[in-house]
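Set out below in structure tokens:
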């Protein structure tokens, strides 16, 4: 596991200006409205999301409701492809219709209701409505959603444990840009080298990156690397690490392949 802080090459403190971030995200807001709910899968006590419709086409509109979130928390709502509630958003927000996202602030009870325009994500379905905190402790929830008329494709298979091994120390590359000071989400690249210990080539392996702030458990997201590692071969892999906008302090970044934390 790699520690992320400003004290060393893999640990950095990431400042942000909250007021400017709010002004950018709230410009995306639209009017809230109620709707019938189809609940997303979530453990009791965890943030949850429900949708007024399970399916709608591009140009339509759905109502997204949520409960169990932090009070007065700023959230981002996105429609994402290559995603399920069980596996999360494969590829991170690069799989989402970011330009058509919406921001919303929860009430004092940690609930919200927000209209979201239906847009086609850059990746095929299965799709979800992805809701995540923008600042503070990371929290997220996904609800299954079908974009009518959008392409569909099977999710990449889960990686098989034991076929790949890390051959060198993992490290985080990249630093804060000027935009980060104005509220842009901080981003890094997790860089490592793997070797294929098996007898068959490993094609397009799927890894999981976990980010944790302080004492909280990691939030895992899948990242797929495009390429093939031949038997006995090795490859240098770079995977994007995304933190919440306004992230600050120390973060722990973990790498998992199959069920094994590398």
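Numbering (the working numbering), first residue to last: 1080 to 1341.
The beta carbon of each residue, even a glycine, is placed where N, CA and C say it ideally should be.
For clarity, every value in this text was computed on a predicted model and none was experimentally measured.
Quick one, are the C-beta atoms of residue i and residue j less than 7 Å apart?
i	j	result
residue 1320	residue 1267	yes
residue 1143	residue 1195	yes
residue 1171	residue 1204	no
residue 1270	residue 1242	no
residue 1309	residue 1273	no
residue 1211	residue 1155	yes
residue 1198	residue 1176	yes
Quick check on residue i: does DSSP put it in helix, strand or coil?
i	result
residue 1218	coil
residue 1192	strand
residue 1049	Absent from the structure is residue 1049, since the part of the chain shown begins at 1080 and ends at 1341.
Between the Cα of residue i and those of the options, spot the shortest distance and give me the residue it belongs to.
i	options	result
residue 1149	1214, 1135, 1273	1214
residue 1139	1223, 1227, 1165	1227
residue 1296	1200, 1230, 1331, 1168	1331
residue 1133	1223, 1276, 1322	1223
residue 1078	1155, 1165, 1233, 1151	What the structure shows of the chain is the stretch from 1080 to 1341, and residue 1078 is not part of that stretch, so it cannot be assessed.
residue 1137	1190, 1173, 1225, 1252	1225
residue 1318	1157, 1336, 1292	1336
residue 1168	1285, 1216, 1250, 1316	1285
residue 1158	1125, 1189, 1178, 1300	1178
Let me check one thing: in DSSP terms, what residues is residue i bridge-paired to?
i	result
residue 1299	1289
residue 1233	In the DSSP output, where bridge partners are listed per residue, residue 1233 has none listed.
residue 1315	1272
Out of curiosity, what's the CA-to-CA distance linking residue i and residue j?
i	j	result
residue 1302	residue 1244	16 Å
residue 1098	residue 1183	The predicted position of residue 1098 is uncertain, since its pLDDT is 34 and thus under 50; a value taken from the coordinates is nonetheless stated next. Those two C-alpha atoms are separated by around 15 Å.
residue 1278	residue 1306	17 Å
residue 1291	residue 1333	8 Å
residue 1249	residue 1316	10 Å
residue 1151	residue 1298	21 Å
residue 1181	residue 1163	20 Å
residue 1189	residue 1130	17 Å
residue 1192	residue 1145	7 Å
Looking at the C-beta of residue i, does it have a partner C-beta in chain C at a distance below 7 Å?
i	result
residue 1332	Structure shown: chain C not included; a single protein chain is present.
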